[in-house]
Structures are given as C-alpha cells and as structure tokens.
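Numbering (full-length UniProt numbering), first residue to last: 1 to 692.
1) If you drop the 5 nearest sequence neighbours on each side, which residues of the same chain put their C-beta closer than 7 Å to that of residue 162?
2) Nearest-angstrom Cα distance between residue 287 and residue 16?
3) Nearest to residue 272 by CA position, among 609, 524, 53, 480, is which residue?
4) Evaluate the contact criterion for the segment 221-232 versus the segment 457-466: three or more CB pairs, one atom per stretch, below 8 Å.
5) With C-beta atoms as the reference, is residue 296 less than 8 Å away from residue 282?
6) Let me know if residue 688 comes out buried or exposed under the rule of 16 or more other beta-carbons within 10 Å of its beta-carbon.
7) What does the Cβ neighbour count give for residue 395, buried or exposed, with the cut at 16 atoms within 10 Å?
8) Which residues mark the beginning and the end of the beta strand (DSSP E) in which residue 562 is found?
9) Grab the span of the alpha helix (DSSP H) containing residue 150 for me, first residue to last.
10) Residues in the same chain with beta-carbon distance under 8 Å from residue 433, minus the five sequence neighbours each way, listed in chain order, please.
11) When burial is assigned at 16 or more other CB atoms within 10 Å of the CB, is residue 494 buried or exposed?
12) Quick check on DSSP: helix, strand or coil for residue 276?
13) Taking the C-alpha atoms as reference points, what is the distance between residue 298 and residue 640?
14) To the nearest whole angstrom, what separates the beta carbons of residue 79 and residue 67, a pair I think is in contact under 8 Å?
15) What residues in its chain sit with their C-beta under 8 Å from that of residue 232, if we drop five residues either side in the sequence?
16) CA-CA distance, residue 548 and residue 60?
17) Rounded to the nearest angstrom, what separates residue 270 and residue 500 at their Cα positions?
18) Hey, quick one: how far does the alpha helix (DSSP H) through residue 87 stretch, first residue to last?
19) List the endpoints of the continuous beta strand (DSSP E) containing residue 196.
20) Excluding the five sequence neighbours on either side, which residues of its own chain have a C-beta within less than 7 Å of the C-beta of residue 655, listed in chain order?
21) Counting only the same chain and skipping the five closest in sequence on each side, list residues whose C-beta sits under 7 Å from that of residue 422.
22) Can you tell which of 91, 582, 86 has its C-alpha closest to the C-alpha of residue 608?
23) What did DSSP end up calling residue 670 once you bin it into helix, strand or coil?
24) Which runs of the alpha helix (DSSP H) fall wholly inside the segment 346-403 and span at least 4 residues, in chain order?
25) Helix, strand or coil: how does DSSP classify residue 13 here?
26) Can you name, in chain order, every residue of its own chain whose Cβ lies under 6 Å from the Cβ of residue 187, other than the five neighbours on each side?
27) Leaving aside the five residues before and after residue 497 along the sequence, list all residues of the same chain whose C-beta is less than 7 Å from its C-beta, in chain order.
28) Who pairs with residue 680 in a beta bridge, going by DSSP?
29) Measuring straight from C-alpha to C-alpha, what distance separates residue 468 and residue 377?
30) Which residues in the same chain have their Cβ closer than 7 Å to the Cβ of residue 588, if we skip the five residues on either side of it in sequence?
31) Tell me the DSSP secondary structure of residue 408 in three-state form.
32) Across which residues does DSSP place residue 29 in a beta bridge pair?
33) Just mark residue 366 as buried or exposed, buried being the case when its beta carbon has 16 or more other beta carbons within 10 Å.
34) When DSSP labels each residue in this structure, what does residue 614 get in the three-state scheme?
35) For residue 623 and residue 666, I'd like the C-alpha separation in whole angstroms.
36) Are the segment 132-139 and the segment 537-545 touching, with three or more C-beta to C-beta distances below 8 Å?
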C-alpha cells in the first residue's frame with residue numbers, strides 16, 4: 001500500500017504524475033470540483049455575510065467514496081490541483097471533505113508536468129492559500145447572485161429559458177454595440193492616386209502624398225482632377241531618398257489570450273477547442289517507453305504572464321546556437337509584465353524546446369501537433385535575435401506635386417526564420433522591392449490612376465478580436481475567455497457567420513431588457529473594476545465579503561425596482577405565409593435557442609417544426625427535383641443538402657455551384673481555405689481559382 005495519496009483533477013494528469021513519483025505515491029483524480037453551490041437554489045445566504053451553501057456535486061458520490069477510502073490508508077495527503085484560483089478552490093474543497101488541515105503543508109503546485117518539475121514541487125509543499133480561495137469564491141458568489149436573480153426575472157418578463165451572466169452580458173453587449181455601429185455607419189468618400197514608375201528597365205509603384213511638401217487628403221473627384229491638372233508631364237524628379245535600418249522584435253511567448261487569438265488566425269481553432277487541446281498537451285501525452293512515456297509537453301495554459309524561467313531560456317539558447325548559429329541568439333532582455341499579470345505562472349511554452357514538432361509527428365494527433373508547433377515556434381522565436389530590415393522611402397515630384405514610394409527588404413531574418421505573428425487582416429510579410437534610386441534622378445510615370453474609395457464600418461468581432469478586446473478592457477481573466485464565448489453561443493444570443501459574431505434577436509432582447517434596470521451589469525468599466533477587486537482579494541488586500549456587499553446592496557434595490565417596473569415583453573409569432581403539411585394550420589416563425597424556426601400554430605395539438613432554410617440557387621444534383629439549401633449540423637457547422645430530405649439524401653460540406661463542370665458536366669463545388677477559394681469538380685480534375 002502506498003504511503004502518500006496525491007489528488008489531482010484529471011485521470012490523464014494522475015497517470016503522468018504517478019509514474020514520476022514512484023511506488024510510495026498513489027495518485028487519484030477528483031474529476032474537477034467535488035462540491036459546488038446547489039443548482040436548485042441560489043445557495044448564498046445574503047443575510048449571513050453571503051455565506052455559501054456547498055453540496056456534493058451530483059454524480060461525484062462514488063468518486064468521493066473512493067477518495068475517502070484511500071485517504072484513510074494514507075500517511076499523508078497532497079492536493080495537487082492546477083496552479084490557479086480554480087485549482088486552489090478545488091484543493092480547499094477536497095481538504096474539507098477529506099478532513100485535511102488546510103493550514104498544513106498539503107498543497108503542491110507545479111507549472112509543468114515533467115519529472116524534474118514534479119519532484120521539485122513535492123520538496124516544497126505549502127498550506128492552502130486562503131486569499132486565492134476567497135478570490136475564486138467571491139467570483140462564484142457574484143456570478144450566482146447575478147445569474148440566479150436576473151434569469152427568473154427574464155423568464156417572467158420576457159421568455160422562459162433565458163439567462164444572464166455577469167461577464168457574458170458585457171461580451172454580448174459589445175457584440176450588439178458593434179452591430180449598431182455597423183448599421184449606423186455612414187461611408188465617406190475619399191480618393192487615392194496610384195502611379196507606376198520606370199527607371200531604366202525596372203518598375204516600381206508610388207502613391208500621391210501632397211503638394212508643396214504638405215500632406216493632402218483627397219475627398220472628392222474634383223480635388224483629384226485639380227491635382228492631376230498641376231502635373232506638367234509624366235517626368236518625375238527624385239527629390240529625396242531616405243534609407244534606414246529597422247529592427248523588428250519577436251512577439252512575446254504566449255499567454256492564454258494571445259494563444260487563443262493566434263490559434264484562431266493560423267489554425268482556424270475556436271477558443272474552446274484551443275483550450276481543450278492545450279489541456280491535453282499540458283496533462284501529458286504518451287511518447288513511448290524509449291522517449292519517456294507519458295509526458296507533459298507544455299506548461300500551464302491559463303496564464304497572463306510572459307515570464308520565462310531561466311532554465312528554459314538557457315535550453316533555448318543552446319538549441320538556437322546549435323541549430324541556427326550565434327548570430328540568431330536574442331539578448332538577455334527581461335520583459336515588463338502588464339499590470340495585474342499573475343506572474344506566479346510562466347508563459348505558455350514547451351516543457352523542453354529540444355522536443356521539436358517534427359519528432360512528435362507520429363505521436364500527436366493532427367490538431368495536437370499543429371497547436372504544439374505553434375507554441376514551440378512562438379517560444380523559440382521569442383528567444384531569438386530581432387529581424388533587421390532595410391527600408392527605403394523615395395519622394396518624387398512633378399511641379400510640386402509629390403508622390404512617395406516605400407520599399408523594404410529583409411536584411412537579416414532573425415526570429416522570422418522560425419515564426420512570424422499573424423494579424424487579423426491577413427497581411428503578409430513580404431519584401432516590397434524598390435530599384436536602386438538616387439536623388440536627382442528623373443523617372444517616367446507609366447500610369448497614373450485615380451481610385452475612388454469609401455470608408456468601411458468597423459469589422460464584426462471574430463473570436464480572436466473579441467478575446468483581444470476583452471483583455472485590453474480588463475474584462476474576464478485567462479480562465480474565463482473561452483467559457484464566456486461558448487456560453488453566449490450555446491444560449492443562442494449570437495451566431496457565427498463567416499467566423500464573425502452576429503447578435504440574434506434573442507440576444508438583443510435580453511440586453512435591451514437589462515439596460516434600464518441593471519446598467520452596471522452591462523458597463524465595461526464596472527466589470528473591469530470588479531476584476532481588479534477580485535485581484536485585490538487574491539493579493540490579500542481586500543476582504544471578499546466587502547466586495548460582494550458593495551455590489552449586492554445596489555443590485556438588490558435595482559432588482560426590486562425591476563420586478564415592479566419592468567414591462568412584460570411579448571414576443572409574438574410572425575405568420576410564415578405557408579400551411580402546415582401535417583394539419584393544414586398556418587406555420588409561424590418562433591424564437592428558439594438558436595434563433596428563429598418554423599412551427600405549426602396549432603401547437604400543442606400539432607408539434608410540426610422546421611428549420612428556416614436558405615436556398616443557394618442550385619437544383620439538387622442527385623434527384624433533380626429539390627433545391628439545395630444551407631443547413632447546420634448539431635455542432636453548428638454549415639453544410640448543404642436537398643430540401644426534399646429524407647426523400648433525397650444529397651449532402652455536401654462544400655457549397656455546390658449553379659453551373660456544371662465544363663470538362664465533364666458534373667457538379668462543381670466551392671472549396672475555401674484561408675488563402676484562396678477554389679472551385680473544383682466532384683468527378684474529374686477540373687479546378688479554377690477565385691479570390692476570397
């Protein structure tokens with residue numbers, strides 16, 4: 001029998017750690033939290049210092065029974081949940097259930113699941129950090145007080161099944177505010193003048209800058225004509241050539257937020273998927289007996305710190321020097337952490353940079369390998385030398401009308417040899433060539449083309465852009481981004497169209513209902529301040545009860561006022577203009593969890609429902625009778641099928657095209673990637689490229 005019992009959250013983590021600790025240790029999994037507030041009631045005594053009422057989570061009885069049995073036989077119990085507020089709270093609950101003294105040295109934390117890190121952490125056990133527990137408990141109670149008081153109000157005044165939450169309501173309002181900005185946007189006209197120049201046999205491009213050395217914005221066609229009328233001929237004199245050497249520094253290693261953003265840009269991963277795969281890489285992958293068995297491949301994935309341990313830096317230094325050469329080594333700079341960063345953690349990095357992605361190709365799944373490669377490359381690049389770019393700006397003039405041309409060329413790749421950070425607008429890092437130009441040269445303008453433009457509305461939020469904005473505004477913390485985005489989608493408050501959030505009518509109704517009576521719930525600054533207050537609780541500066549009480553006193557008064565004054569909103573069914581094929585009654589549009597759908601007005605006698613199908617103008621290629629329509633799978637993924645289903649079972653993940661293949665007369669479909677859209681034949685090798 002083992003002398004020591006170690007309790008972690010997951011079986012995968014338990015299996016990895018037990019192998020490192022040896023025969024004297026038995027490692028078991030609690031499967032996450034074992035106690036929580038009850039689902040059937042608020043579970044918070046607002047009359048008694050907001051005392052929470054914790055109960056054993058349904059279904060955890062057998063797990064607890066097994067843990068208690070093992071605990072009785074163990075000389076000592078170690079609680080080794082994750083190194084954050086949530087993990088500290090899990091350890092605290094386990095201590096209460098198993099009668100472990102929380103002030104004893106029972107808590108073990110580690111940032112990575114490797115043999116050395118695990119063994120070192122068990123040399124330095126500590127007591128449970130009450131401040132961390134209080135911070136998590138305060139967040140849980142705050143969210144419970146908001147959710148369990150506002151949701152019943154929405155059921156009564158608007159529609160059953162609705163719910164509201166503290167952070168998710170702010171995120172939803174941000175999406176709705178952006179949609180309103182787009183709808184109210186008034187485009188403004190502006191113009192540019194582009195020119196193509198020749199110097200001997202070489203050509204380059206430039207743009208209009210201004211007149212008489214002053215920058216000039218062109219707002220109308222008449223202004224453009226006025227500029228063009230000043231040009232004497234197509235000869236331009238090079239008045240100034242500015243050459244500079246620019247250094248570009250690598251991006252810092254990943255935090256939770258930057259990992260979610262970059263995985264969305266480069267891998268097309270949703271935030272939830274990114275965190276799920278990162279959890280697998282952290283908890284351990286079986287590399288085979290010769291490679292060390294089950295091993296954690298990355299450090300803890302919930303962090304807002306960019307700090308890197310000295311050991312990891314030295315290992316990276318050795319790898320870079322051997323693989324790329326001394327000139328690619330970065331300096332020994334120390335990164336300044338952002339305010340309120342939880343610097344007890346490191347950034348997300350590989351547990352060993354020597355474990356390069358190519359060596360894991362046969363072991364990891366495709367998605368695991370792609371995410372690991374992203375983390376590995378970002379970390380390695382962060383420790384490499386800056387890239388050096390030669391930049392050149394050329395000022396060209398014709399009768400005091402000035403054009404400018406800019407070019408850049410990578411002189412030394414540095415970190416760019418390994419990795420370049422993605423951008424939301426998909427701009428590529430490419431050399432922009434300029435010939436060898438000197439002051440006093442005269443060049444010819446081959447073409448001078450005026451172009452009309454209109455300002456564009458702000459873009460809708462993608463998951464990556466919303467996470468970045470939430471982080472910048474101080475809304476939520478590393479552990480909350482992915483669950484928040486998942487919740488507003490599951491509840492049908494937003495939909496994703498072309499990977500961008502669009503609020504549903506249901507989401508708009510919820511926010512409109514909350515605006516008047518609960519302005520603080522929807523206020524970005526208030527929510528950010530609350531996050532800072534929770535950080536202060538974690539740091540032991542503020543009592544958690546005071547934070548809750550300051551919020552609840554005003555909230556409770558507004559709740560009473562809303563109960564009395566909030567008007568009841570009736571969501572009327574809209575006639576669809578078609579009859580039910582089952583009973584002949586009129587079909588109507590109803591509001592559901594995922595937006596509108598068709599239902600029979602004779603409900604509950606007739607329960608016929610239909611999705612609202614979007615036709616794409618293509619006749620079904622299988623039955624030649626029905627129309628191809630856009631549908632959604634259970635996981636909300638768009639696919640295409642015949643509207644005569646189930647009589648016709650035609651389906652396609654790729655969008656069918658309304659014309660036949662010119663080569664074999666078969667069905668053409670549209671295949672989309674991040675770089676291009678390609679039309680392909682489903683029968684032969686015919687292909688054609690179009691632009692995204």
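C-beta atoms are modelled at their ideal positions from N, C-alpha and C, and glycine is treated no differently.
Well, looking at it:
1) The answer, listed in chain order, is 151, 154, 155, 510.
2) Approximately 11 Å, taken between the alpha carbons.
3) 480
4) no
5) Going by beta carbons, residue 296 and residue 282 fall inside the 8 Å limit.
6) Label assigned to residue 688: exposed.
7) So residue 395 counts as buried.
8) Where residue 562 is concerned, there is no enclosing beta strand (DSSP E), although the alpha helix (DSSP H) it sits in stretches over 544-565.
9) It spans 130-157 - the alpha helix (DSSP H) in which residue 150 sits, taken as one unbroken run.
10) Excluding residues within five positions, the ones whose Cβ falls inside 8 Å are 204, 407, 409.
11) buried
12) Shown here, residue 276 sits in a helix according to DSSP, grouped into three states.
13) Rounded to the nearest angstrom, the two C-alpha atoms are 39 Å apart.
14) Their Cβ separation, rounded to whole angstroms, is 11 Å, which puts residue 79 and residue 67 out of contact at 8 Å.
15) 398, 399
16) 29 Å
17) 11 Å
18) 85-97
19) 189-199
20) 616, 640, 669, 670
21) 262, 265, 266
22) 582
23) Residue 670 falls in the strand class under three-state DSSP.
24) 366-382
25) helix
26) Cβ-Cβ distances below 6 Å link residue 187 to 454, 455 in the same chain, with the five nearest sequence neighbours on each side left out; the list follows chain order.
27) none
28) 669, 687
29) Whole-angstrom Cα-Cα distance: 21 Å.
30) 573, 574, 575, 576, 599, 601
31) DSSP places residue 408 within a strand segment (E or B) once states are collapsed to three.
32) 8
33) exposed
34) In the three-state reduction of the DSSP assignment, residue 614 falls in the strand class.
35) If you take the alpha carbons of residue 623 and residue 666, they lie about 14 Å apart.
36) yes
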